[in-house]
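Contents: one structure, followed by commentary.
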Amino acid sequence: MADTTIPADVAKLGFEDALKELEEIVRALEQGKGKLEDAIKSYERGAALKAHCERKLAEAQARIEKIALGADGTPKAEPARLD
Numbered sequence: 803m804a805d806t807t808i809p810a811d812v813a814k815l816g817f818e819d820a821l822k823e824l825e826e827i828v829r830a831l832e833q834g835k836g837k838l839e840d841a842i843k844s845y846e847r848g849a850a851l852k853a854h855c856e857r858k859l860a861e862a863q864a865r866i867e868k869i870a871l872g873a874d875g876t877p878k879a880e881p882a883r884l885d
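Using the working numbering, the letters of the sequence shown correspond one by one to residues 803 to 885.
Now the structure itself:
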């Protein structure tokens, strides 16, 4: 099973910043320039960023799913339980 531990510096990033960094890593890896060891480190960081983005999206989806219509037909948000 893959390690799902997200480094603290990645966990602090917002979704948009993590996605931007992930896109930069993918672009650099696709170019195939640089040393193998650097590419491996970039790939590992990219995997952590991907996992972080997936978690952020899952949290957002859970929050959206908690939105319900009230008796008067207006949206009513309920806090999501993510535990």
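Beta carbons are placed, not taken as given, at the ideal position from N, Cα and C, and that holds for glycine.
Residue range of the alpha helix (DSSP H) that Gly759 falls in? Only positions 803 to 885 of the chain appear in this structure, which leaves residue 759 out of reach.
Continuous alpha helix (DSSP H) stretch holding Asp874: start and end: Where Asp874 is concerned, there is no enclosing alpha helix (DSSP H), given that its DSSP letter is neither H nor E.
Just to confirm, are Ile869 and Gly848 a CB contact at a threshold of 8 Å? no
Can the beta-carbon of Ser844 be found closer than 8 Å to that of Leu824? no
Am I right that Ala820 and Cys855 are in contact with their C-beta atoms under 8 Å? What's the rounded C-beta distance? 5 Å
For Leu851, is the classification buried or exposed, using 16 other Cβ atoms within 10 angstroms of its Cβ as the cut-off for buried? buried
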